[in-house]
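Encoded as structure tokens, the structure appears first; notes follow it.
Numbering (my numbering), first residue to last: 2 to 252.
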């Protein structure tokens, strides 16, 4: 059955059924094969490139995914090199349209928006802000807490960077170094003084990532950095050997 073929005469008032190709496996399950260690470099590059291409395609259609994580990526790996990896971004349950500002035109359309954001010089957002905080712990962008709204495409780029970090460092290091930043912040409770106002909550959450992101940048650049715990020491060691592509995302 072709992936484009609809199962006719099976639609109801609530559902439309489609037959699609069976494709690979979840990236989450694929990474578990490595026992918490990082995915081999060539395969990791292929995965990250594939997810970036999928998001660029969505953004070009003015759609944001808003829940990028290993469980929402399918991979079909048929070898050991970059070219042996096929990728599909799936589970669009939280996706939403990116509504362009009237004066924005197409000047910052993806994938230009994505690549320039990764290089640290994002253009002015061409989209109306979104306000629904969604996604998954360890992956959603801090800007989702901004009461002024956030750019859905850039939120996807943040999540892509988190995914690249997990692929490059391994799920074990990711669980020790990155995921706890989210868990600890939200475990503090709403009575914490820094979280009583929405704007203060956003600023406090952004601040949580200042040192970890600096540590990652140091690892990528091979710059000196004094690790303050085992998690930082591990991420410095692992990301120091990452490819340029994955390192750019991780930083």
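Backbone N, C-alpha and C fix where the C-beta goes; we use that ideal spot for every residue, glycine too.
Which value, in whole angstroms, describes the spacing of the CA atoms of residue 177 and residue 79?
30 Å
Could you spell out where the alpha helix (DSSP H) holding residue 168 opens and where it closes?
153–170
Give me the Cα-Cα distance between residue 138 and residue 200, rounded to the nearest whole angstrom.
20 Å
Determine the extent of the beta strand (DSSP E) in which residue 89 is found, giving its start and end residues.
86–90
Separation of residue 16 from residue 6, as counted between CA atoms
Confidence at residue 6 is low in this model, with a pLDDT of 49, below 50, so its placement is unreliable and the value that follows should be read with caution. Going by the C-alpha atoms only, they are around 16 Å apart.
If you drop the 5 nearest sequence neighbours on each side, which residues of the same chain put their C-beta closer than 8 Å to that of residue 228?
216, 234 and 237
Would DSSP call residue 108 helix, strand or coil?
Reliability of the predicted coordinates at residue 108 is poor, the pLDDT of 45 falling under 50, and the value obtained from them is presented with this limitation in mind. Correct three-state label for residue 108: coil.
Hey, out of 101, 53, 59 and 68, whose CA is closest to residue 134's CA?
68
Quick one: is residue 189 buried, meaning 16 or more other Cβ sit within 10 Å of its Cβ, or exposed?
exposed
Candidates 101, 202, 33 and 27: which alpha carbon is nearest residue 128's?
101
So which of 61, 31, 62 and 130 has the shortest CA-CA distance to residue 71?
31
Give the DSSP-derived three-state secondary structure of residue 101 in the structure shown.
strand
Have a look at the DSSP bridge pairing and note the partners of residue 77.
87
Which residues bound the alpha helix (DSSP H) around residue 46?
42–61
Residue 256 burial status per 10 Å Cβ neighbour count (16 or more: buried):
Residue 256 lies beyond the stretch modelled for the chain, which goes from 2 to 252, so this question has no answer here.
Check residue 128 in the structure and name its three-state DSSP category.
strand
Compute the beta-carbon to beta-carbon distance between residue 75 and residue 27, rounded to the nearest angstrom, for a pair I have assumed lies under 8 Å.
6 Å
Would residue 92 count as contacting chain C if we go by Cβ distances under 8 Å?
Absence of chain C from the displayed structure is noted, only one protein chain being present.
Counting Cβ pairs, one atom from each stretch, are 3 or more of them under 8 Å apart for the region 82–95 and the region 153–161?
no
Among the residues of its own chain, which have a CB less than 8 Å from the CB of residue 219, if the five just before and after it don't count?
225, 226 and 237
As assigned by DSSP and simplified to three states, the class of residue 19
strand
When burial is assigned at 16 or more other CB atoms within 10 Å of the CB, is residue 185 buried or exposed?
exposed
Reference residue 168, options 13, 37, 212 and 25, closest by Cα:
37
From residue 141 to residue 156, what distance separates their C-alpha atoms?
7 Å
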